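In terms of this note's numbering, the numbers along the sequence shown are unbroken and rise by one, the last being 463.
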Amino acid sequence: MSQNKIIFLDQKQIPTHYYNIMADSPVPMDPPLHPATKQPAGPQDLAAIFPMALIEQEMSKERFIEIPDEVRDLYRLSRPTPLIRAANLEQVLDTPAKIYFKYEGANPTGSHKTNTSYAQAYYNKKAGIKKLVTETGAGQWGSALAMACKHFDMECEVFMVKVSYNQKPYRKTFMKLFGATVHASPTNLTQAGRNVLAEDPDSPGSLGIAISEAIEVAVQRDDTNYSLGSVLNHVMLHQTVIGEEARLQMEMAGDYPDVVIGCAGGGSNFAGLSFPFLRDKLTGVKKDLEVIAVEPASCPSLTQGKFEYDFGDEAQMTPLIKMYTLGHKFIPPKIHAGGLRYHGMAPTISLMYNIGAISAKAYNQLEVFDAARIFAQAEGIVPAPESSHAIKEAIEQALKCKESGEAKTILFNLSGHGFLDLGSYEMYLENELTN
Ligand SMILES: *Cc1c(COP(=O)(O)O)cnc(C)c1O
């Protein structure tokens, strides 16, 4: 037997600090703007829906931010997650490249989302908040927040994008099991939802619409806050536990990645894995590190979007944020990677892309499912359709190495498992999926 395939850390090695990439960015970020006045939005503008501790993290330039003990203790339910050498996949591809992946599907809700839901619920609870309202696409974020709210004895209300609500009914069951109330968005419960339904009664919904509905509910009560599962700086920050762990694990494996890959919807799992490595590129330690965000060709915010101020939601309730965007009215096609159907990209990732520190790729649904099948058969894990975008690029990189004879080290994030996506796989296998 050769070396270990799975690299485990001890629970004592759960990171003590989050990493904030804005401490090492060579350029500052353009501030969010108030939606009405178009002036830079200050902490008080966000206080109606977020606790001050998260607003401070949102605006922080501190390099490392301590993780509260109570949150670290919750991470112990499933962290550190394994880093796995995809040796079987390497063999199938007959590549000289070494392929590693960080497996966030080992988390309780099956994806990386609990890394931030625990932290967000914790800071809200400390601020005296009784209820959190949110949106969810494929349902992973709603599941993670429902679980975190239950732990901290808070209510949780979720607006789930209608197309996913219908495609992934068991996600709804999961959320209900943890005590959450779940609606198929657009709903008749909010003005934002009613406006969309008046124009299109059959609207499949979008994350942008669901966010509008959730914010509308949250602003109505002092004891209720809004919670976002991706995009915002504090969410990227919380997810860096992934990359901080992966750094230690790569070190244990005696390797360092040449290429770091993640799928990107709002960008949180990609940022979570890549930012702690990108730190080495920004500070000159590893100047030639390649970092690649992978998105669906049908929702290509980085590769086709514009870098400009846009709203985070359909009804223009959020501050304007500077990001790569397809426009807040964009309704993405009903692809099965529901978690990647967002019109914009996280401001931190947008900034890194704009200065050329990272690159981006876009792939079609069918080639992504083809990659997922190759990976599943080789490694025995059914990947989430979202994560399969990262797999597709990892395979492309490995095949390039086969051609050139280079033995690069490739690291990608397997952001979640696909056990609740088997309906999509069934359609794929029956040739019912299209691009
Ligand atoms: C939510 C989700 C995504 C997309 O969100 P990001 O913020 O871009 O990470 C990707 N993969 C899985 C498994 C998800 O649950």
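Note that beta-carbon positions come from the ideal geometry of N, C-alpha and C, so glycine has one too.
Predicted, not measured: the structure shown is a model, and the values here were computed from it.
Put simply, the stretch 281-290 does not touch the stretch 181-193. Fewer than three CB pairs are less than 8 Å apart.
Counting C-beta atoms within 10 angstroms of its own C-beta, Gly156 has fewer than 16 neighbours from the protein chains shown and is therefore classed as exposed.
No heavy atom of ligand 1 is found nearer than 7 Å to the CB of Lys200. With respect to the 8 Å criterion, Ile239 and Gly340 are classified as neighbours on the basis of their beta carbons.
With at least 16 other beta carbons inside 10 angstroms of its own, Leu354 counts as buried.
Annotation for Cys291: no alpha helix (DSSP H) segment contains it, though the beta strand (DSSP E) segment containing it runs 287-291. Pro54 is the residue among Pro54, Pro43, Leu37 whose C-alpha sits nearest the C-alpha of Gly312. Of all C-beta pairs linking the stretch 396-404 to the stretch 367-383, fewer than three are shorter than 8 Å, placing the two stretches out of contact. The closest CA to that of Ser145, considering only Ala125, Ala114, Leu102, Gly133, is found on Leu102. Apart from the 5 residues on each side of it in sequence, His45 sits with its Cβ closer than 7 Å to the Cβ of Phe92, Ile93, Glu94, Ile95 in its chain, given in chain order. Excluding the 5 residues flanking it on each side, Leu394 has same chain C-beta neighbours closer than 7 Å at Leu461, Asn463, in chain order.
Under DSSP, Leu61 takes part in a beta bridge, and its partners are Pro68, Leu348. Taking a contact as a CB-CB distance under 8 Å, the pair Leu301 and Gly271 counts as one, their CB atoms being some 5 Å apart. The residues Glu86, in chain order, have a CB closer than 7 Å to that of Leu260 in the same chain once the five nearest residues on each side in sequence are set aside. Counted as a single uninterrupted DSSP element, the alpha helix (DSSP H) harbouring Met380 occupies residues 375-382. Closer than 7 Å to some heavy atom of ligand 1: that does not describe the Cβ of Asn135. Three or more beta-carbon pairs drawn from the stretch 179-188 and the stretch 198-212 are found closer than 8 Å, and the two stretches are therefore classed as touching. Pairing Pro68 with Leu61 gives a Cβ-Cβ distance under 8 Å. Phe403 and Phe440 have their C-alpha atoms spaced approximately 12 Å apart. Remark: the C-beta of Phe298 is in contact range of ligand 1, defined as less than 7 Å to any heavy atom. Cα atoms of Asn152 and Glu118: separation of roughly 44 Å, rounded to the nearest angstrom. The closest CA to that of Phe305, considering only Ala343, Pro232, Ile386, is found on Ile386. With a threshold of 7 Å, the Cβ atom of Lys141 counts as near ligand 1, since some heavy atom of the ligand is closer than that. When the alpha-carbon of Ile127 is set against those of Lys436, Val224, Asn382, Gly70, the nearest one is in Lys436. Within the model, the alpha-carbon separation for Asn216 versus Asn223 is close to 9 Å. Ile243 is positioned such that its CB atom lies no closer than 8 Å to that of Pro214. Exposure of Thr201 is indicated by the presence of fewer than 16 other C-beta atoms within 10 angstroms of its C-beta. In this structure, Gly70 has its CB at a distance of at least 7 Å from all heavy atoms of ligand 1. Ranked by Cα distance from Pro413, the options Gln168, Pro124, Leu37 are led by Gln168. Partner residues in the beta bridge of Cys184, as assigned by DSSP, are Leu160. As computed with DSSP, Phe36 is found in no beta bridge at all. Of the candidates Leu442, Gly366, Asn48, Pro110, Pro110 places its Cα closest to the Cα of Gln41.
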